[in-house]
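Residue numbers (the numbering used here): -8 to 469.
Each residue gets a CB set at the ideal place from its N, CA and C atoms; glycine is no exception.
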């Protein structure tokens, strides 16, 4: 087996920066008690100002105040790691979160699908960079060795145990995952590299150090198997963004909403599912003496989808229809209806222009903009009368009406028949007699004709049987 270790050295900082509209601004994450706030981590713009991790907030303010601060949240960092585990699940069925800020992936079984390791690695790096996460990647025959090698390497690929031993033997003893007390004791003994430790008699190490040290060394070298708990995607998706300031306009909510939708699409891709319904919660600023209830914005689709841009446009359309009653302090997205995703059927040689939109996406966008009841399909009803044969249908998949008819029927049926304004129409076909409806009191007896106007439009018109009056237009052909 081959294991890839993806180390995310500044996961907490990257997670905060990717949700900010101005990521190039100096930013620091704060930790520590209220009496002594400490800079947990800083971005590159803050480093250029002279700020460093471990520095007190008071000392930082003495140097400059031109930086933003965000509270360091370990729970949020763990949520980012689990989101990236969902992303990694697209590439491997064995993904482990054994170490913090690390993804372990078994990749040997995936090489046949994603290509040789250099190609596979390039894809992983490209997607991580696009998502805004810095990383280091190493491949080794066992997961523990891969994790320890990322402490000193990036891009290293060790594909066999014969090469693994020499690479590990050059590692410093304080970078191979030993307990801090054991690593310090070995360094004081003058043993700085792993090969020096392995040169000692095994029974001597067993007497001087706890048995966990030898067990770790055996696991590191592949002599002892390691059991990993593999990641299993949850059955729902939930994310929340707390805004830096109170927002009162729809426009200011679009950027965090787009980030949330992108994370939802990332989760769906790893889970190989789509979303058919999700809810956006607008958390308002609490008023004096009471807590303002959330504004709920449900987004429903007729079929499961997972394309980020499409989901964002649908959510945006729903959001713009809502009147924000009070300032918004946070956004939350909850998706529980996650059915299997079935890609739409496409022809091998699709001549559709690239700028056109598939019907499914156009339908959902129209529903989001105009309302759920404004867009519907056509369904069959067993009746010969045209006005009764076609009924609005909201079914997810319906049989094409016109394609199944053996006789020509217009694509646009008027709500009420109208007298033909053009008296010089030309009859192309007909008559076709329709007699029906005697059982419900709406009996019709009509002769239908295919007609063409002087401008070239083709219509469907009829005359009641035994009635010599003019033709009544009932529909237009495309």
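Rounded straight-line distance, which links the Cα of residue j to that of residue i
| i | j | result |
| --- | --- | --- |
| residue 35 | residue 189 | 40 Å |
| residue 246 | residue 322 | 11 Å |
| residue 346 | residue 296 | Because residue 346 carries a pLDDT of 48, less than 50, the predicted location of this residue cannot be relied on, and the following value inherits that uncertainty. Whole-angstrom Cα-Cα distance: 19 Å. |
| residue 375 | residue 404 | 14 Å |
| residue 149 | residue 123 | 27 Å |
| residue 108 | residue 253 | 27 Å |
| residue 553 | residue 329 | It is not possible to answer for residue 553, since the shown part of the chain is limited to -8 through 469. |
| residue 226 | residue 327 | 7 Å |
| residue 204 | residue 285 | 53 Å |
| residue 172 | residue 268 | 52 Å |
| residue 3 | residue 66 | 10 Å |
| residue 75 | residue 466 | 55 Å |
| residue 179 | residue 187 | 13 Å |
| residue 103 | residue 96 | 15 Å |
| residue 82 | residue -2 | 16 Å |
| residue 71 | residue 169 | 27 Å |
| residue 471 | residue 258 | Shown here, the chain extends from -8 to 469; a query on residue 471 therefore has no answer. |
| residue 446 | residue 416 | 10 Å |
| residue 228 | residue 315 | 24 Å |
| residue 16 | residue 210 | 43 Å |
| residue 20 | residue 244 | 23 Å |
Three-state class that DSSP yields for residue i in the structure shown
| i | result |
| --- | --- |
| residue 379 | helix |
| residue 267 | strand |
| residue 31 | strand |
| residue 272 | strand |
| residue 300 | helix |
| residue 208 | helix |
| residue 422 | strand |
| residue 20 | strand |
| residue 236 | strand |
| residue 37 | helix |
| residue 158 | helix |
| residue 402 | coil |
| residue 230 | strand |
| residue 438 | strand |
| residue 25 | coil |
| residue 6 | helix |
| residue 308 | helix |
| residue 293 | strand |
| residue 86 | strand |
| residue 42 | coil |
| residue 286 | strand |
| residue 179 | helix |
| residue 15 | coil |
| residue 184 | strand |
Range of the contiguous alpha helix (DSSP H) that encloses residue i
| i | result |
| --- | --- |
| residue 415 | It is not in any alpha helix (DSSP H) - residue 415 carries neither H nor E in the DSSP assignment. |
| residue 432 | Element bounds for residue 432: n/a, residue is neither H nor E. |
| residue 115 | 108 to 122 |
| residue 246 | 242 to 262 |
| residue 137 | 134 to 140 |
| residue 73 | 65 to 79 |
| residue 102 | 102 to 105 |
Presumed contact (8 Å Cβ cut-off) between residue i and residue j, rounded CB distance
| i | j | result |
| --- | --- | --- |
| residue -5 | residue 121 | Wrong, their Cβ atoms sit about 18 Å apart, outside the cutoff. |
| residue 443 | residue 449 | 5 Å |
| residue 131 | residue 140 | 6 Å |
| residue 454 | residue 462 | 6 Å |
| residue 262 | residue 79 | Wrong, their Cβ atoms sit about 12 Å apart, outside the cutoff. |
| residue 84 | residue 219 | Going by Cβ atoms, the distance from residue 84 to residue 219 rounds to 12 Å, so no, they are not a contact pair. |
| residue 92 | residue 0 | 7 Å |
Terminal residues of the beta strand (DSSP E) in which residue i lies
| i | result |
| --- | --- |
| residue 454 | 449 to 455 |
| residue 167 | No beta strand (DSSP E) contains residue 167, which DSSP labels as neither H nor E. |
| residue 62 | 59 to 62 |
| residue 472 | Because the chain spans -8 through 469 in this model, residue 472 falls outside it and cannot be assessed. |
| residue 96 | 93 to 97 |
| residue 465 | 463 to 467 |
| residue 326 | 319 to 328 |
| residue 143 | Residue 143 -> no beta strand (DSSP E), and no H or E assigned at all. |
| residue -5 | -6 to -2 |
Closer than 7 Å: residue i CB and nearest the ligand COA heavy atom
| i | result |
| --- | --- |
| residue 63 | The ligand COA is not part of this structure, which contains no ligands at all. |
Just checking, does the stretch 42 to 50 make contact with the stretch 62 to 70 on the three C-beta pairs under 8 Å criterion?
-> no
Can we say the stretch 308 to 320 touches the stretch 259 to 275, given the rule of at least three CB pairs closer than 8 Å?
-> yes
Do the stretch 179 to 187 and the stretch 150 to 167 make contact, defined as three or more Cβ pairs closer than 8 Å?
-> yes
Using 8 Å as the threshold, is the stretch 191 to 208 in touch with the stretch 228 to 242, meaning 3 or more CB pairs across them?
-> No, they do not touch.
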